[in-house]
Amino acid sequence: MTGLSVYQLALAALVLLAAAYVLIGSVFLIPGKKDVARDLFQAILSMTIVAGTLMAVFVIGDWALVPFFLLLAARTGFEAAAIRFDTKQALIAAGISAICTASVLIWPMLTYGVLGVWCLLFARIVAVPGAKDTSIWRWSELFVYPILPMALLAWAGLDDTLRPLMLVAYILIETFDSYAYVAGKLVGRTKAFPVLSPRKTVEGLLGGAVILMLTAAIVAAFADMPIVTAMTLALITGALGVIGDLAASRLKRAAGVKDFPIVLPKQGGLLDIADSWIAGGGGLAALFLVWTMV
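Oh and the sequence shown: position 198 is 183 in my numbering, straight run, nothing missing.
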């Protein structure tokens, strides 16, 4: 679906990562921006660890991907619940998340059921007023995000046809996030989401979107893909990534915390790291399922 193999995509990711280091190095040359450059450099180091691990897992294949997705599901389920429930319930959430992911890996047809349940829960949260601090409401929110989208992401990541697309989703989201962060640090002034995500700026999002479109166009040219198709995919993925970031921010805002339980410095918890990818990859997987039913 992407015109590139997993191995080629991993190499492309390394090239983009190298370009990010060059960009950050150039920021050191801007007068008065050394502190910003140091902050960016620390962030890119943590991102390199995450990206390198993910690329290696995808290149190795199923033997690495299965435990990776199960661990990711368990950890993100735990983190999302830990900020709103006690430890016992957080562990239960981790188990439920891992079971949901394992179920769709064993029986792929369950993905249609997962998508249906997600739609029903999302509709209930949006359309039916209720006491938002009840246990049922909070559990419903956890299933809407991140538990069920994580299961869809894992299913697509193990599907031979969709696997490259899930890696593309990660690369596009990290490209968007990274350059939006850089642009926001350098020229950001106007807050885009003052309540949910105060650090995001309109200027940063626009900067990230511009670089994302350019990256998609360049990769499409090398991969002999229609440029309009590649840019549309990039735009949809970037939008889904922002939605995932805001969904995670909403959970943290409701719990009154800044980060999920920390895994890496400058990155926060695993859900802070993977929030956009879970929504982006899970969203693309959901769109694919809908497309197959039409």
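Every residue, glycine too, gets a C-beta built ideally from N, C-alpha and C.
Please read all numbers here as calculations on a predicted model, not as lab measurements.
I'd like to check one pair, residue j with residue i: are the Cβ atoms closer than 8 Å?
i	j	result
Ala87	Leu127	no
Ala233	Leu256	yes
Ile81	Gly62	yes
Ile263	Pro52	no
Leu(-11)	Val167	no
Gly229	Leu138	no
Leu106	Ser120	no
Asp162	Gly226	yes
Thr160	Ile196	yes
Ala3	Pro246	no
Residue i by DSSP, collapsed to three states: which one?
i	result
Pro183	strand
Gly46	coil
Lys170	helix
Ala4	helix
Met(-14)	For Met(-14), the predicted structure reports a pLDDT of 47, less than 50, and the residue's modelled location is therefore unreliable. A value from the coordinates is still provided. Note: Met(-14) maps to coil in three-state DSSP.
Leu14	coil
Leu147	coil
Report the CB separation of residue i from residue j in whole angstroms; it is logged as a contact under 8 Å.
i	j	result
Thr175	Glu188	6 Å
Leu157	Gly223	6 Å
Leu50	Gly142	6 Å
Val(-9)	Arg148	6 Å
Phe178	Leu231	6 Å
Hey, quick one: how far does the alpha helix (DSSP H) through residue i stretch, first residue to last?
i	result
Lys237	Ile212 to Ala240
Leu107	The sequence given here places Phe at residue 107; Leu does not occur at that position. It spans Leu95 to Ala112 - the alpha helix (DSSP H) in which Phe107 sits, taken as one unbroken run.
Phe273	Leu255 to Met278
Lys73	Thr72 to Ile91
Arg123	Ser120 to Leu127
Could you give the first and the last residue of the continuous beta strand (DSSP E) run that contains residue i?
i	result
Ile176	The question names Ile, but residue 176 is Lys in the sequence shown. Unbroken beta strand (DSSP E) run through Lys176: Lys176 to Phe178.
Given 8 Å, three or more beta-carbon pairs between the region 208 to 216 and the region 35 to 48:
no
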